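A.B. asks:
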Amino acid sequence: METKDLFRRASRKLKKPLVFVVFKIVLVLVCVKSANAEPQENKLQWQSHELGSKDVLSHSCIHDQLLEQRRKPGRKEYSVTPQVYAESSLSNSLQHKGRALLGISRLFERQKDVKKPIRIYLNYDAVGHSPDRDCRTVGDIVKLGEPPVYPGALACNPHGDPPIFGDCWYNCTLDDISGEDKRHRLRKALGKTADWFRRALAVEPVKGSLRLSGYSACGQDGGVQLPREYVEEGVANADLVLLVTTRPTTGNTLAWAVACERDQWGRAIAGHVNVAPRHLTAEAETLLSATLIHEVMHVLGFDPHAFAHFRDERKRRRTQVTVQSLDEKLGRMVTRVVLPRVVMHSRYHYGAFSENFTGLELEDGGGRGTSGSHWEKRLLMNEIMTGSVDTRSVVSKMTLALLEDSGWYQANYSMADRLDWGRNQGTEFVASPCNLWKGAYHCNTTQLSGCTYNREAEGYCPIVSYSGELPQWARYFPQANKGV
Ligand SMILES: [Zn+2]
C-alpha cells in the first residue's frame, strides 16, 4: 500500500475527541509560548510532556542536532568509497564525444535511461547488539550520545523538556526493549519504506556489488560496524545499505538517520537508521511510516552535508544549492534552496511567478546551531520534510525535486501527494511573514502575538474564523472556515 494512502486513511480515521485534544494542547502551548519572554529557547515539545508515549502524535526530527554533533573534532562525518557504474563516468564519455555537441543531448537521454529503481538493502545485524546502547532488560542504563563515563552522572529524562536530545545515561523501561513483535514491526515498516523509495527514485545502478570501506563505524552514537563480508565481498543488488539499530530516544523523536559513506559523486551508499523500540507500536504505525520516509530522505540527500556534493546534469559539482541572505521583509537571515527543479515546482505550487521569488526557504533553526535539514514550516506546513512529521504529512513535488536536483536520482513525481498549504497564494505569501498573510491564511493577530514569531508554525495561529474554507486536513472544527 502506498504511504500516501496510509496517510489519507489515517486522516480519515482521526476521530473528533483526539482532534480536540490536539487543539486543546495547541491552545495551551500558544498561551505558554506567548507568555514566554524567550520563545526561541523553548521549542515546542508539546507531545513529549503532555502525552504518554502511546499517544505521540508527531515526530520531532533531530537531524540538525546530529549534524552538529558530527562536527565535533575527531568525529568522522562520512567516508568516500568509489563505485563502479555501467557508464563508469559521464565526464569520460564527454571527453570522447565532447566535440560533437549534438551528441551530448543524446548522451544525456541515454544517461536518463540508465537510471533504475533504487535498491535499498536493509541490514538488521546490529539490532540488539550494542551492549552499551541497546536496552536489553528493564533497568539497564545505556548511553545516549556520549555522556560522562560513569553511569548516573547525567541521567536522561525520557520526556525531557529540555533537552529532548543530548549526551546522557538512559534508564531502560519495558517499552525500550525490542522484542520479537517490535522487531517484526520494524522490518515491516522499513521494508515498506524501501519499497516506497524504489518507486519514487531511480538511480544509476552500481555495477556488480556495492563496495563499502568499513574504515570506521558507520553512523551516529558510536555507529554500527559494517559486517566484514560487506567490506570484503561487497553487497550484491544494492545501491544503498542501511544499517538498522533500535536504541532508545527521548521526547517525541521516533527515529533518526544519517549517511556515513558516499560514492565518488557524493551519493550516499551507506547510512545508519535508528528506530526507538518505544515507538514500534500498532498505534504509531502510520506516524512511523511517515517518519521513516522523512529520515531516509535525509540519508538520500536532504542534508546540508549532501548539498555540498550536489551535481548538475553533467555531473559537475553545483555551485549554488542554497543562498543565504538577510531578508528585510522577514527581518532575519534566510537560507533558500535555489536548485532549478525546486524553484520550478515551487513556482507552480505557490503560483509564485514573479522574479522576486528566488528559492524555497529552509528552516533557520531559530538562529541556534546548525540548520538546513528541513523546509520552513511556515511555508510548507504539513510537507514531510519540515522539522516535525505527523500522520497528515505529505511528500510534495518540491521535495522530490530537491532529490532530483542532486544529480544522483531521477524522481517519479507521480509519487508526490497534493500539498494544499500555500497553494496558488502567490509570491507575496512566500515572501511575507505570516502576520501579513491574506485571505484564508489571514491570522487574527489581535488574539495572540505568536503569529509574528518566525520559527514555529504549530502555534502561530490561535482559533480564528477564516474568510475562506480551510484545506480538509486543517479542519479541526465542524465549520470549514474555523481553525487554529
Ligand atoms: Zn528531519
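In terms of mature numbering (1 follows the signal peptide of the UniProt record, and there is no 0), the sequence shown is residues -37 to -1, 1 to 447.
C-beta: ideal position from N, C-alpha, C; glycine also.
It should be emphasised that the depicted structure is a prediction, and the values quoted were computed from it without experimental measurement.
#1: What does a CB cutoff of less than 6 Å around K(-34) pick up in its chain, not counting 5 residues either side in sequence?
#2: Is DSSP giving P190 helix, strand or coil here?
#3: Measuring from the CB of H268, is there a heavy atom of ligand 1 at a distance below 7 Å?
#4: Any heavy atom of ligand 1 closer than 7 Å to the beta-carbon of H312?
#5: Which residue marks the beginning of the alpha helix (DSSP H) containing G234, and which one marks its end?
#6: Would you verify that the beta carbon of V357 is, or is not, closer than 8 Å to some beta carbon of chain B?
#7: With H, G and I counted as helix, E and B as strand and the rest as coil, what does DSSP make of W159?
#8: How far does the beta strand (DSSP E) with L325 in it extend, from its first residue to its last?
#9: From the DSSP secondary-structure annotation, give me the bridge partner or partners of W338.
#10: Which residue's Cα is closest to the Cα of P94: Y87, I83, K106?
#11: Which residues share a DSSP beta bridge with W132?
#12: Can you give the Cα-Cα distance for E324 and K292, rounded to whole angstroms?
#13: Take P80 and list the residues in its own chain whose beta-carbon comes closer than 6 Å to its own, dropping the five residues that flank it on each side.
#14: Bridge partners for R299 per DSSP, in chain order?
#15: On the DSSP letters alone, give me the boundaries of the alpha helix (DSSP H) that residue 518 sits inside.
#16: Leaving aside the five residues before and after Q373 along the sequence, list all residues of the same chain whose C-beta is less than 8 Å from its C-beta, in chain order.
#17: Flag this pair as touching only if the region 166 to 186 and the region 144 to 158 have three or more C-beta atom pairs under 8 Å; answer yes or no.
#18: In whole angstroms, give me the CA-to-CA distance for K(-14) and S21.
#19: Can you tell me whether K79 is helix, strand or coil according to DSSP?
#20: With H, G and I counted as helix, E and B as strand and the rest as coil, what does DSSP make of V393?
#21: Name the DSSP beta bridge partners of E248, please?
#22: Does DSSP put K17 in a helix, in a strand, or in coil?
#23: Quick one: residues in its chain with C-beta nearer than 7 Å to the C-beta of M348, no 5 flanking neighbours on either side, listed in chain order?
#24: Which class does E40 belong to by DSSP, given the choice of helix, strand or coil?
#25: Ligand 1 and C24: does any heavy atom of the ligand fall closer than 7 Å to the residue's C-beta?
#26: If you measure from the CB of S336, is any heavy atom of ligand 1 nearer than 7 Å?
#27: Distance, Cα to Cα, E195 vs S369?
#28: For ligand 3, is there a heavy atom less than 7 Å away from the beta-carbon of H261?
#29: Can you tell which of T212, P45, P396, E246 has the C-alpha that lies nearest to the C-alpha of C98?
#30: Using only alpha-carbon positions, find the residue among G129, G171, R191 that is nearest to A180.
#31: Closest by CA to H268, which one among V238, R277, A231, A364?
#32: Would you call the CB atoms of L365 and V207 closer than 8 Å?
#33: Give a yes or no on whether the C-beta atoms belonging to R304 and T321 are separated by under 8 Å.
#34: For the beta strand (DSSP E) holding T208, just list the boundary residues, first then last.
#35: On the DSSP bridge list, what partners appear for Q373?
C.D. replies: In terms of the structure at hand:
#1: For the purposes of this step, residue -34 is identified with residue 4 of the sequence shown, where counting begins at 1. Any reading at K(-34) must be qualified, since the residue scores a pLDDT of 49, below 50, and its modelled position is unreliable; the value itself is stated next. Close CB contacts of K(-34) within its chain, under the 6 Å cut and outside five residues either way in sequence, are with D380 (chain order).
#2: Counting from one through the sequence shown, the residue named residue 190 turns up at place 227. Coil, per DSSP.
#3: For the purposes of this step, residue 268 is taken as residue 305 along the sequence shown, with counting starting at 1. False, no ligand heavy atom lies under 7 Å from that Cβ.
#4: Along the sequence shown, read from residue 1 onward, the residue named residue 312 stands at position 349. The beta carbon of H312 sits no closer than 7 Å to any heavy atom of ligand 1.
#5: Against the sequence shown, residue 234 aligns to sequence position 271. Here G234 belongs to no alpha helix (DSSP H); instead the beta strand (DSSP E) covers 231 to 238.
#6: Among the protein chains of the structure shown there is no chain B, as only one such chain exists.
#7: Here the question's residue 159 lines up with position 196 in the sequence shown. In the displayed model, W159 falls within a helix according to three-state DSSP.
#8: In the sequence shown, counting from the first residue as 1, residue 325 sits at position 362. Premise fails: L325 is in no beta strand (DSSP E) and is neither H nor E.
#9: Counted from its first residue, the sequence shown places residue 338 at position 375. L325, T349, per the DSSP bridge assignment.
#10: The sequence position of residue 94 within the sequence shown is 131, counting from 1. Comparing C-alpha distances from P94 to each of Y87, I83, K106 shows the shortest one belongs to K106.
#11: Taking the sequence shown and counting its residues from 1, one reaches residue 132 at position 169. According to DSSP, which records beta bridges pairwise, W132 is partnered with K106, A118.
#12: The residue given as residue 324 occupies position 361 in the sequence shown. The residue given as residue 292 occupies position 329 in the sequence shown. Cα to Cα, E324 sits roughly 14 Å from K292.
#13: Within the sequence shown, numbered from 1, the residue matching residue 80 stands at position 117. These residues qualify, in order along the chain: R161, A165.
#14: One-based indexing of the sequence shown puts residue 299 at position 336. When beta bridges are read from the DSSP output, R299 appears opposite V286, E324.
#15: Residue 518 lies beyond the residue range present for the chain, which begins at -37 and ends at 447; the question has no answer from this structure.
#16: For this step, residue 373 is matched to residue 410 along the sequence shown. Answer for Q373: K75, K78, L164, A165, V166, E367, listed in chain order.
#17: Too few Cβ pairs lie closer than 8 Å, so no.
#18: Along the sequence shown, read from residue 1 onward, the residue named residue -14 stands at position 24. Along the sequence shown, read from residue 1 onward, the residue named residue 21 stands at position 58. The pLDDT assigned to K(-14) is 36, lower than 50, so where the model puts this residue is not dependable, and the model offers no usable value.
#19: Along the sequence shown, one-based indexing puts residue 79 at 116. Residue state, collapsed to three classes: strand.
#20: On the sequence shown, position 430 is the one that residue 393 refers to. The answer is helix: DSSP assigns V393 an H, G or I state.
#21: Counting from one through the sequence shown, the residue named residue 248 turns up at place 285. None; E248 has no bridge partner.
#22: The residue labelled residue 17 in the question sits at position 54 within the sequence shown. Below a pLDDT of 50, predicted positions are generally treated as unreliable, and K17, at 49, falls in that range; the measurement from the model is reported next regardless. Under the three-state reduction of DSSP output, K17 falls in the helix class.
#23: To locate residue 348, count along the sequence shown from 1; it is residue 385. Contacts found: H257, M260, F265, H337, W338, T362.
#24: Residue mapping note: residue 40 aligns to position 77 of the sequence shown, counting from 1. Under the three-state reduction of DSSP, E40 is assigned to coil, being neither helix nor strand.
#25: Start at 1 with the first residue of the sequence shown, and residue 24 comes out as number 61. At least one heavy atom of ligand 1 lies closer than 7 Å to the C-beta of C24.
#26: By one-based count along the sequence shown, residue 336 stands at place 373. Ligand 1 approaches S336 closely enough that one of its heavy atoms is under 7 Å from the residue's Cβ.
#27: The residue given as residue 195 occupies position 232 in the sequence shown. The residue given as residue 369 occupies position 406 in the sequence shown. Between E195 and S369, the C-alpha separation is close to 29 Å.
#28: Judged by which ligands are present, ligand 3 is missing from the structure shown, whose ligands are ligand 1.
#29: Taking the sequence shown and counting its residues from 1, one reaches residue 98 at position 135. When each option's Cα is compared against that of C98, the closest is T212.
#30: To locate residue 180, count along the sequence shown from 1; it is residue 217. Of G129, G171, R191, the residue nearest in Cα terms is R191.
#31: Here residue 268 refers to the residue found at position 305 of the sequence shown. If we check each option's Cα against that of H268, A231 comes out closest.
#32: For the purposes of this step, residue 365 is taken as the residue at position 402 of the sequence shown. For the purposes of this step, residue 207 is taken as the residue at position 244 of the sequence shown. Not in contact: L365 and V207 (Cβ atoms no closer than 8 Å).
#33: In the sequence shown, the residue the question calls residue 304 occupies position 341. In the sequence shown, the residue the question calls residue 321 occupies position 358. Taking 8 Å as the Cβ cut-off, R304 and T321 do not qualify as a contacting pair.
#34: By one-based count along the sequence shown, residue 208 stands at place 245. Its beta strand (DSSP E) spans residues 203 to 208.
#35: Residue 373 sits at position 410 when you count from the first residue of the sequence shown. Paired residues: A165.
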